[in-house]
Amino acid sequence: MQNRRSITEKLIGIASQAQHDELIELNHILLFENTNPANPNLLELDDAAPAELNQLISLAVRDKHLRLTYEPSPGWPQLMDVYLIHIFNSNAHWLVEVYDFDTDAFRYLPVEMLRDSAISVLKMKRSEQEILSKKRIDARESNLVVKVDWTGIQRFKRMHPPGIILSFTGMFQSSGIFNVQLDVTDAESLAYYADWLLFLGKGVEFERIPDELRLILEARLKGSADALAKHMPGVKPE
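For the sequence shown, the numbering used here assigns the number 1115 to the last residue and increments by one with no breaks.
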């Protein structure tokens, strides 16, 4: 099953004649994230699943200890010995969450950048229980802990970095909290998180935040205030 069209074709193949018409009508009624409303049968470039996805799923249901060839740049493949935790779709991209035995770290890899996945023949350096326990411990030691209000929750659902789990703390999902372990030496990641946290709205509260990220947020807010002041008569930017 590579995309919506192949799924529809498989369903039609096992459905009765009466259900055929319903499926065709349903295909025009339901609009998914990448559906072209003017032509639901037209597949967008990002609507099709990566070629490696089927192979990855087939392997994972048999054994989660895998050998992956990760190619972030063409011609520069990296051989990885990993334990697969999740395969998921986030913001219209297929990602795989893995524990990398060589770096002792959890990573999120775009499925479209994987090549020649296979079941690993190496001995696991950690058991499944040890890996999942490490993940829970890492979450508790996160350097970014954020509380959000109802608006922040709705915006979180619309867009968030992969792997972040939002826990609801208020009645009727009125408030929530999440934590992240940020690499404070990764300038690109810090800049992304700064923009995303501002997107969550003014109801954001920080229980814990790295100084490196706090400084970027302060600069973003000051820059916005200065830009606004330029267009207001009688107000001079600081």
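Note that the Cβ used here is the ideal one computed from N, Cα and C, for glycine as well. If you're wondering where the values come from, they're calculated on a predicted model, not measured in any experiment.
Residue from the options with nearest C-alpha to residue i
i, options, result
"L1059", "F1033, R1091 and G1078", "R1091"
"A937", "A926, L991, I964 and S950", "I964"
"S1066", "L1009, P1039, I962 and K1012", "P1039"
"L961", "R1085, A1102 and Q1006", "Q1006"
"S1019", "V1061, M957, L1105 and K1107", "V1061"
"D993", "W1073, S893, A1104 and L945", "L945"
"A1068", "A982, I1042, G1080 and A1096", "A1096"
Boundaries (first-last residue) of the beta strand (DSSP E) holding residue i
i, result
"G1053", "G1053 to V1057"
"I962", "Q955 to S967"
"D1088", "No beta strand (DSSP E) holds D1088; the alpha helix (DSSP H) holding it covers D1088 to A1106."
"R944", "H942 to Y947"
Inter-residue Cα distance where the pair is residue i and residue j
i, j, result
"I1031", "V998", "As written in the sequence, residue 1031 is Gln, which differs from the Ile given in the question. Whole-angstrom Cα-Cα distance: 44 Å."
"I1093", "L1075", "11 Å"
"E948", "V973", "14 Å"
"G1078", "Y985", "26 Å"
"T861", "E1082", "This structure does not reach residue 861, given that the chain is present from 878 up to 1115, and the question cannot be answered."
"L1098", "D1088", "15 Å"
"K1034", "W971", "17 Å"
Sub-8 Å separation of residue i and residue j beta-carbons
i, j, result
"L1021", "N968", "no"
"H942", "I1014", "no"
"V975", "V988", "no"
"V1025", "S1052", "yes"
Own chain partners of residue i with C-beta closer than 8 Å, once the 5 adjacent residues on each side are dropped
i, result
"Q1050", "W1027 and I1030"
"R939", "I996"
N- and C-terminal bounds of the alpha helix (DSSP H) containing residue i
i, result
"R984", "Run containing R984: none in the alpha helix (DSSP H); it sits in the beta strand (DSSP E), A982 to P987."
"I1030", "W1027 to R1035"
Contacting residues, own chain, Cβ-Cβ under 6 Å from residue i (five flanking each side not counted)
i, result
"M1001", "H942"
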